[in-house]
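Notes follow once the structure below has been shown.
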Amino acid sequence: MSAVTDAVRVTAPGNPVGQSIRDSLVIARRNLIRMVRIPEVVIFGLIQPIMFVVLFSYVFGGSMEIAGSTSPEVYREFLMAGIFAQTVTFATAGAGAGIAEDMHKGLIDRFRSLPMARGAVLTGRTLADLVQTALTLLVLAVVALLVGWRTHTSAGEVLGAFALLLLSGYAFTWIGAVIGLSVRTPEAATSGGLVWLFPVTFVSNAFVDSSNMTPWLRHIADWNPFSATVQACRQLFGNPGVSTSDAWPMQHPVWASLIYSVLIIAFFRTLAVRKYRSAAA
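The sequence shown begins at 1 in the UniProt record's numbering and counts up by one.
Written as structure tokens, this is what we have:
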């Protein structure tokens, strides 16, 4: 903690944007060091998505009809975009709990006394969580390949899909930041983060074809930002699951995912910084 304090104190006043970037990177480094020193946080964060891959692949693999086929191999390729998107989205709960813990322990009060950009604490935290999410995705991709998932497009399109996933995950992390700043304990932040995540991820096209849903539920799923990211990844991976919906996000999923992510970041980052300033006032 003293290293972080010293690093922030020597930040010279100047360009506000440059100072904000430097301060954010210092906070991100602090959180990454903490992750390295507590490796069980990363390890347990990997267990859940790996379990989802194995369980969904082998339990539901032969009972789901995708693109007119009930082949387990087809379902695994259909499934993985949803698992990837769910993994980056569920990182939101951890981000909210981490911010709530920092506030509960009084760390925010310590940062208040330093000449640093107000939004740097939150930005640094979300950037560190983004790095952890990227490592989780890397391990998850290896596991997916082992169970039979394959891509059928160029390397550029595959990398583009993972970039969309990280952007979407980063956007949802800001929702977690707002939740973490709005509750009193880390336990409440974890519970509050999961309450809305389950309907968002399951009322979507992640695990089943939305065309099999009732009309009103399918409409919700088709306009769900989470569904747009899943559909964009399937398109960029070349995996089965072409949508028959006329909804704009399903017809233009890559653009829809980008627009949704930018709007979520713009709105919830602004709200989170305001809440942080209010808490630190």
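Just so it is clear, CB atoms sit at the ideal spot from N, CA and C, and this is done for glycine as well.
For clarity, every value in this text was computed on a predicted model and none was experimentally measured.
Could you tell me the alpha carbon to alpha carbon distance between residue i and residue j, rounded to whole angstroms?
i	j	result
F172	R22	23 Å
R218	S57	23 Å
Y170	V131	10 Å
S71	V59	13 Å
L46	A91	11 Å
I265	P225	13 Å
L135	L166	11 Å
How should residue i be labelled, buried or exposed, when 16 other C-beta atoms within 10 angstroms of its C-beta is the threshold for buried?
i	result
R30	buried
A12	Note on A12: pLDDT 46, under 50, position unreliable in the model; the coordinate value appears next. Exposed.
Q235	buried
M51	exposed
Kindly give me the distance between the Cβ atoms of residue i and residue j, rounded to whole angstroms, as I take these residues to be in contact under 8 Å.
i	j	result
T87	L137	7 Å
V53	V143	5 Å
S257	L164	5 Å
L159	A272	Not really, about 29 Å apart at Cβ, beyond 8 Å.
Under 9 Å, do residue i and residue j count as touching if we go by C-beta distance?
i	j	result
G238	H104	no
D102	R125	yes
S261	V230	no
P186	A97	yes
A100	V183	yes
I83	P240	no
L122	W174	yes
M35	A128	yes
S245	S210	yes
E77	R150	yes
A120	V26	yes
Using 9 Å as the limit for Cβ to Cβ distance, is residue i near chain C?
i	result
P186	Absence of chain C from the displayed structure is noted, only one protein chain being present.
Problem - Minimum length 4: unbroken alpha helix (DSSP H) runs contained in the region 201-240 - result: 215-222, 225-237
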